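Residue numbers (mature numbering (1 follows the signal peptide of the UniProt record, and there is no 0)): -19 to -1, 1 to 141.
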Amino acid sequence: MKFQNLASAALLASSLALVACSPEPEAVAEAEPEGIPGMSVENARLVLAPVSGNPAAVYFDLKYDGDKGLSIRRADVSGASEAQLHAYGEWEGKMQMAEAMPIAITKGTEIAFKPGDYHVMAFGLPDTLAAGDTVEVTLTVSGGDKYSFDAEVRAAGDER
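Here is the structure:
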C-alpha cells in the first residue's frame, strides 16, 4: 500500500514538473477584417433591371491610395448567382459592353464605376430584392485580398 501511495505521489510530482516547464499556449490569432489598405468606396448602389430576371448593375466611386499596385480581378454580389466586371469599349466601330480585363490600380487611382464605363453586372438576383434593401459587394484583387462594401438597392427608374 505504501508503494502505491509513493508511486502515485511520484507520478503527480513529475506531472506537475512537466506542466511547469511546458511553454505557454499560443494566443489564437484573430482574423483580420476583409479590407485592402488604402482602398475606399463611396456612392455604391445596385440598380435593378426594368425587366425581372435581367441582370442588375452596380455602380460606385473607388479610390486607392495604397502603396502597392494591384489589379481588380473579380466582383461578387451577395445573393447573385454570378457577378462580372464589365466595361464599355469600341469594337468594330461600335461602342459595346463586354466583360472587363483586370483593372489596374496604383496609388492615387480614382475610378467611377458608372453607366457607359466600368460597372459590375449582377446576375440571378432573388426576386425578393427591392429598392431600399442593401447588398454586399466584394472586390477581389491580385493576390486574393478582398474589399467588401454595402450597396443600396435602387429601382430601375431611380437615379443611377
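We put the beta carbon where it would ideally sit given N, CA and C, even for glycine. These numbers come from a predicted model, not from an experiment.
Sub-9 Å separation of residue i and residue j beta-carbons
| i | j | result |
| --- | --- | --- |
| D46 | G16 | no |
| D131 | E117 | yes |
| H67 | M76 | no |
| S37 | L29 | Inspection of the sequence shows that residue 37 is occupied by Ala rather than by Ser. Yes; because the gap between Cβ atoms is below 9 Å, this pair is in contact. |
| A103 | A64 | yes |
| G50 | I86 | yes |
| S52 | V122 | yes |
| D98 | Y128 | no |
Of the listed residues the options, nearest to residue i (C-alpha basis)
| i | options | result |
| --- | --- | --- |
| residue 150 | L27, E23 and I53 | Here the chain covers residues -19 to 141 and nothing more, so residue 150 does not appear. |
| K95 | S33, V39 and E23 | V39 |
| D48 | G70, G89 and N35 | G89 |
| A56 | G138, M82, G97 and E133 | M82 |
| A34 | G105, E133 and Y99 | The sequence as given places Gly at residue 34; Ala does not occur at that position. Among G105, E133 and Y99, the Cα nearest to that of G34 is on G105. |
| E80 | G74, E73 and V101 | V101 |
| G125 | R54, W72, N24 and F41 | R54 |
| E133 | P31, F41 and V32 | F41 |
N- and C-terminal bounds of the beta strand (DSSP E) containing residue i
| i | result |
| --- | --- |
| E117 | T115 to V122 |
| N35 | Where N35 is concerned, there is no enclosing beta strand (DSSP E), given that its DSSP letter is neither H nor E. |
| R54 | L51 to V58 |
| E63 | E63 to W72 |
| T90 | T90 to F94 |
| A103 | H100 to F104 |
Bridge partners - residue i, DSSP secondary structure assignment
| i | result |
| --- | --- |
| R26 | Y40 and E133 |
| M78 | Y69 |
| I84 | I53 |
Between the stretch 103 to 118 and the stretch 45 to 61, can you find at least three pairs of beta-carbon atoms closer than 8 Å?
Output reads yes: the stretch 103 to 118 touches the stretch 45 to 61.
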